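Student: One structure coming up, written as structure tokens, with questions to follow.
Number of protein chains: 2
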Amino acid sequence: MKEVYNNGYYQVFDEKGIIRIESVNGGAVVVPVTADGKYIVLKIYRPNLQKTMMEFPRGFLEPGEEPEEGARRELLEEIAGTGDEFLSLGTATLDSGISGTVNHFFLSRNTECDTEKLQEEEGIKELLFLEEEEIKACIRKGEIIDSFTIVGFAKALACRGKIY
Amino acid sequence: MKEVYNNGYYQVFDEKGIIRIESVNGGAVVVPVTADGKYIVLKIYRPNLQKTMMEFPRGFLEPGEEPEEGARRELLEEIAGTGDEFLSLGTATLDSGISGTVNHFFLSRNTECDTEKLQEEEGIKELLFLEEEEIKACIRKGEIIDSFTIVGFAKALACRGKIY
Chain A
0 MKEVYNNGYY QVFDEKGIIR IESVNGGAVV VPVTADGKYI VLKIYRPNLQ
50 KTMMEFPRGF LEPGEEPEEG ARRELLEEIA GTGDEFLSLG TATLDSGISG
100 TVNHFFLSRN TECDTEKLQE EEGIKELLFL EEEEIKACIR KGEIIDSFTI
150 VGFAKALACR GKIY
Chain B
0 MKEVYNNGYY QVFDEKGIIR IESVNGGAVV VPVTADGKYI VLKIYRPNLQ
50 KTMMEFPRGF LEPGEEPEEG ARRELLEEIA GTGDEFLSLG TATLDSGISG
100 TVNHFFLSRN TECDTEKLQE EEGIKELLFL EEEEIKACIR KGEIIDSFTI
150 VGFAKALACR GKIY
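Sequence order for the protein chains is A and B.
First residue of the first sequence? That's 0 in numbering that gives the first Met the number 0, and the numbers climb one at a time after it.
First residue of the second sequence? That's 0 in numbering that gives the first Met the number 0, and the numbers climb one at a time after it.
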């Protein structure tokens, strides 16, 4: 397997014409839920898609960082957010056909954040506080199309009443 | 933006140390549901993860192929499956941070398939016919970790009672 690209975050390999892409340190996704049960969703501009997306906070882990630690750091950096309990929602693959990378998902309970302290240099423009049925409607209408966000929501629903 | 890799299915670009990966023709995911409301899930060996995964059928589109056409073809190739109606569940991104690629999702209704005609050369070993609550339990327990599959299931739930 030959490495054809490495930018410190992602490595791309080729093995006889088959691509493989791996995140160097992996990543963490946070499903932030407020004390009154609303989901906190970022409006974030994504240059690759040339549009503002609705997404849960996420980011790469730093070298040696534990997934929960990285998840807490990202929440703090992106929306000055904190949760009083982080529950593991397990992992999900980036794309099992081309990668062995799995990302870690957490539900942050009783999340508080500061809408005046958004990480604007990452494209974060605004926060939305949505009910479960509003998230479902956004998924149905194609307003939420980010895979990490949809996976995080599905995991939260699958775990509700079981682990929280 | 400089192309650093292209195997005909994926292109990888670099722009000043930022990676971008795009599927050349895009892909389609099928959520196959039987006449009695069960979801058909593949057990498929994924070399990148060195494990057998539980996934919905999916694949790349061929050049010029319409998404629904590709979805129907993949279902037929992978499990000799047909559905009497294909409903669009919209799209989802591969990874909005590194890609503009979106994949197309369809729900195949009244799906029939042939468990004796699985596409073994693609690693497909067995089919499971699962109830909604069983899928949720698999997600909760980490038995289903494939993002495409979790997204397809979440989309199907979000659309139920609305478009089907």
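For every residue, glycine included, the Cβ atom is placed at its ideal position computed from N, Cα and C.
All values reported here derive from a predicted model rather than from experimental measurement.
Could you please tell me which residues of the region 72–96 of chain B, in chain order, have their CB closer than 8 Å to any CB of chain A?
Tutor: Those residues of the region 72–96 of chain B that come within reach of chain A (Cβ to Cβ, closer than 8 Å) are Gly89, Thr90, Ala91, Thr92, Leu93, Asp94, Ser95, Gly96.
Student: Helix or strand or just coil, what does DSSP make of Val32 of chain B?
Tutor: In this structure, Val32 of chain B counts as strand in the three-state DSSP scheme.
Student: Tell me which same chain residues have a C-beta within less than 8 Å of the C-beta of Arg19 of chain B, skipping the five on either side of it?
Tutor: Same-chain partners within the cutoff: Met0, Val11, Phe12, Asp13, Ile97, Ser98, Gly99.
Student: Near Lys116 of chain B, what residues of its chain come up, given a Cβ to Cβ distance below 6 Å and the 5 sequence neighbours on each side ignored?
Tutor: If we look at Lys116 of chain B and ignore the five residues flanking it on each side, its Cβ neighbours are Ala79.
Student: Between Tyr38 of chain A and chain B, is the shortest Cβ-Cβ distance under 7 Å, so that the two count as touching?
Tutor: Not an interface residue.
Student: From what residue to what residue does the beta strand (DSSP E) around Lys154 of chain A run?
Tutor: First-last for Lys154 of chain A: 146–158, but that is the alpha helix (DSSP H), not the beta strand (DSSP E).
Student: Enumerate in chain order the residues of its own chain whose CB-to-CB distance from Val30 of chain B is below 6 Å, with the five nearest sequence positions on each side excluded.
Tutor: Phe55, Leu106, Gly151, Ala155, listed in sequence order.
Student: Quick one: does Asn24 of chain A have its CB under 7 Å from some CB of chain B?
Tutor: Not closer than 7 Å to any Cβ of chain B, the Cβ of Asn24 of chain A fails to qualify, so no.
Student: List the residues of chain A whose Cβ lies closer than 7 Å to the Cβ of Phe55 of chain B, in chain order.
Tutor: Going along chain A, no residue has its Cβ under 7 Å from Phe55 of chain B, so there is no contact; the nearest lies around 11 Å.
Student: First and last residue of the alpha helix (DSSP H) that includes Lys50 of chain A?
Tutor: From DSSP, Lys50 of chain A is part of no alpha helix (DSSP H) but of the beta strand (DSSP E) over 50–54.
Student: Do we get a CB-CB distance below 7 Å when we pair Met0 of chain A with the residues of chain B?
Tutor: Judged by the 7 Å Cβ criterion, Met0 of chain A is not in contact with chain B.
Student: In chain A, what lies closer than 9 Å to Tyr101 of chain B by C-beta?
Tutor: Contrary to the premise, residue 101 of chain B reads as Val rather than Tyr in this sequence. Chain A residues near Val101 of chain B: Leu48, Ile144.
Student: Can you list, in chain order, the residues of its chain with a C-beta nearer than 7 Å to that of Gly89 of chain B? Leave out the 5 residues immediately preceding and following it.
Tutor: Closer than 7 Å at Cβ, skipping near neighbours: Phe104, Lys154.
Student: Please list the residues of the region 118–135 of chain B that have a C-beta atom closer than 7 Å to any C-beta atom in chain A, keeping them in chain order.
Tutor: Here the close residues are Lys135.
Student: Report the neighbours of Asp13 of chain A on chain B: residues whose CB is nearer than 9 Å to its CB, in chain order.
Tutor: Within chain B, the residues near Asp13 of chain A are Tyr4, Asn6.
Student: Got a sec: which bits of the region 147–160 of chain B sit with their beta carbon under 8 Å from any beta carbon on chain A, in order along the chain?
Tutor: Cβ contacts with chain A: Phe147, Ile149, Val150, Phe152, Ala153, Lys154, Leu156, Ala157, Cys158.
Student: For Gly16 of chain A, go through chain B and note every residue whose CB falls closer than 7 Å to its CB, in chain order.
Tutor: Asn6, listed in chain order.
Student: Is Leu215 of chain A near Tyr38 of chain A, with beta carbons less than 7 Å apart?
Tutor: The structure shown does not extend to residue 215 of chain A, since chain A is modelled only from 0 to 163, so the question has no answer here.
Student: How long is the line joining the alpha carbons of Glu111 of chain B and Asp145 of chain A, rounded to whole angstroms?
Tutor: Looking at the two C-alpha atoms, the distance is approximately 30 Å.
Student: Identify, in the order they occur along the chain, each residue of the same chain with its Cβ nearer than 6 Å to the Cβ of Ile143 of chain A, setting aside the five sequence neighbours on each side.
Tutor: Answer for Ile143 of chain A: Met53, Cys137, listed in chain order.
Student: If distances are taken between C-alpha atoms only, which option among B:Ile134, B:Lys161, B:Lys124 comes closest to Phe140 of chain A?
Tutor: Here residue 140 of chain A is Lys; the residue named in the question, Phe, does not match the sequence. Cα-wise, what sits closest to Lys140 of chain A is B:Lys161.
Student: Quick check on this structure: which residue in B:Thr114, B:Glu131, B:Ala157 has the alpha carbon closest to the alpha carbon of Leu41 of chain B?
Tutor: Ranking B:Thr114, B:Glu131, B:Ala157 by Cα distance to Leu41 of chain B puts B:Thr114 first.
Student: Alpha helix (DSSP H) containing Lys135 of chain A: first to last residue?
Tutor: Its alpha helix (DSSP H) spans residues 131–139.
Student: Quick one: Cα of Val23 of chain B to Cα of Ser87 of chain B, how far?
Tutor: Approximately 21 Å between the Cα atoms of the pair.
Student: Output, in sequence order along the chain, the residues in the region 101–115 of chain B whose CB is closer than 9 Å to any CB in chain A.
Tutor: Under the 9 Å Cβ criterion, the region 101–115 of chain B contributes Val101, Asn102.
Student: Output yes or no for whether 7 Å exceeds the beta carbon distance between Val28 of chain B and Asn109 of chain B.
Tutor: No.
Student: List, from N- to C-terminal side, the beta strand (DSSP E) runs of 3 residues or more that fit wholly inside the region 39–113 of chain A.
Tutor: Runs found: 50–54, 57–59, 84–92, 101–108.
Student: Whole angstroms is fine: what's the gap from Val32 of chain A's alpha carbon to Asp83 of chain A's?
Tutor: When rounded, the distance between both Cα atoms is 11 Å.
Student: Gln118 of chain A and Glu65 of chain A: beta carbons closer than 7 Å?
Tutor: No. Outside cutoff.
Student: At the 7 Å Cβ level, is Gly69 of chain B part of the contact set with chain A, yes or no?
Tutor: Gly69 of chain B does not count as touching chain A.
Student: Of all the options A:Thr51, A:Tyr44, A:Arg57, A:Pro62, which has the alpha carbon lying nearest to the alpha carbon of Gly7 of chain A?
Tutor: Closest option to Gly7 of chain A, Cα to Cα, is A:Pro62.
Student: With DSSP run on the structure shown, which of helix, strand or coil describes Glu120 of chain B?
Tutor: The answer is helix: DSSP assigns Glu120 of chain B an H, G or I state.
Student: Got a sec, what are the start and stop residues for the beta strand (DSSP E) Glu14 of chain A sits in?
Tutor: Its beta strand (DSSP E) spans residues 9–14.
Student: Pull the bridge partners of Glu125 of chain A from the DSSP assignment, please.
Tutor: Beta-bridge pairing links Glu125 of chain A to A:Lys42.
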